[in-house]
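In this note's numbering, the protein residues as written are 1 to 237.
Beta carbons are placed, not taken as given, at the ideal position from N, Cα and C, and that holds for glycine.
Please read the structure below before turning to the comments.
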């Protein structure tokens with residue numbers, strides 16, 4: 001049976017989490033409702049992440065990797081994963097595992113009639129400051145995009161690959177994936193998923209990134225929306 005679903009796992013200095021990532025994703029593969037493989041994208045980590053990724057891939061045939069020469073950011077890592085995906089469906093999850101791989105099955109239940117299904121973190125286990133800044137950032141983004149999504153920062157998504165590959169990525173665009181699917185006249189849906197505290201490693205974004213960054217990115221999105229080219233080929237000869 002060929003693979004149907006690729007899970008992209010962006011990694012940046014997550015050596016303390018990768019053993020658990022291997023265990024949890026290996027467990028998920030066994031219960032996945034679609035034949036699933038894993039694609040690590042190492043975003044120029046400075047620790048032992050790449051060494052551990054290669055060891056994981058050597059002992060697991062369902063695991064592969066891409067290794068960046070230097071750190072390029074989360075949007076670049078997600079974009080590389082989408083562009084190197086050869087399955088009909090692609091998703092991603094953060095390597096801190098604050099969301100649960102098994103919840104991919106909840107999203108996959110709705111992907112046939114939608115083109116993107118995203119998680120909404122229920123009962124978030126982050127700090128008050130992180131939760132509040134995320135709420136404000138999501139409010140700002142919704143006012144610009146009108147995408148109706150409550151939590152685009154949730155690192156648990158499933159997308160039809162044809163749509164994912166048409167997303168013109170730039171830094172920060174990972175926050176606008178639902179809006180970019182709407183630009184393609186696609187359908188989107190959000191589903192509540194579990195959320196957990198970070199067990200190991202350190203968060204890569206501070207208050208500055210969560211508030212000012214998304215505001216600046218909203219203006220970039222408006223420019224992108226105005227210039228976006230969307231077409232469907234009716235016939236070839």
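Check, Outcome
"Three-state class that DSSP yields for residue 230 in the structure shown", "coil"
"Residue 231 versus 219, 83, 184 and 222, residue with shortest Cα-Cα distance", "184"
"Simplified DSSP state of residue 51, which is helix, strand or coil", "helix"
"Simplified DSSP assignment, three categories, for residue 87", "coil"
"Beta-carbon contacts of residue 122 that lie in its chain and below 8 Å, excluding the five residues immediately before and after", "192, 193, 194 and 195"
"Per-residue DSSP class, three states only, for residue 36", "strand"
"Of the listed residues 162, 217 and 39, nearest to residue 67 (C-alpha basis)", "39"
"Inter-residue spacing [alpha-carbon to alpha-carbon] between residue 160 and residue 235", "22 Å"
"Meets three-Cβ-pair contact criterion under 8 Å: the stretch 101 to 109 and the stretch 70 to 88", "no"
"Extent of the continuous alpha helix (DSSP H) run through residue 175", "Taken as a continuous stretch (DSSP letters only), residue 175 belongs to no alpha helix (DSSP H), as it is neither H nor E."
"When 162, 182, 57 and 36 are compared against residue 149, the one with the closest alpha-carbon", "182"
"Reference residue 87, options 20, 1, 171 and 30, closest by Cα", "1"
"Buried or exposed (CB count within 10 angstroms, at least 16 for buried), residue 6", "buried"
"Collapsed DSSP secondary structure at residue 16 in the structure displayed", "coil"
"With 16 other Cβ atoms within 10 Å as the buried cut-off, status of residue 205", "In this predicted model, residue 205 has a pLDDT of only 49, less than 50, meaning its place in the structure is not dependable; the value taken from the coordinates is given anyway. So residue 205 counts as exposed."
"Sub-7 Å separation of residue 15 and residue 95 beta-carbons", "no"
"Cα-Cα separation between residue 57 and residue 81, rounded to whole angstroms", "16 Å"
"Beta bridge counterpart(s) of residue 93 as assigned by DSSP", "156"
"Cβ-based burial, residue 219 [other Cβ within 10 Å; buried from 16]", "exposed"
"Span of the alpha helix (DSSP H) around residue 162", "161 to 164"
"Beta-carbon spacing of residue 178, residue 217 below 7 Å", "no"
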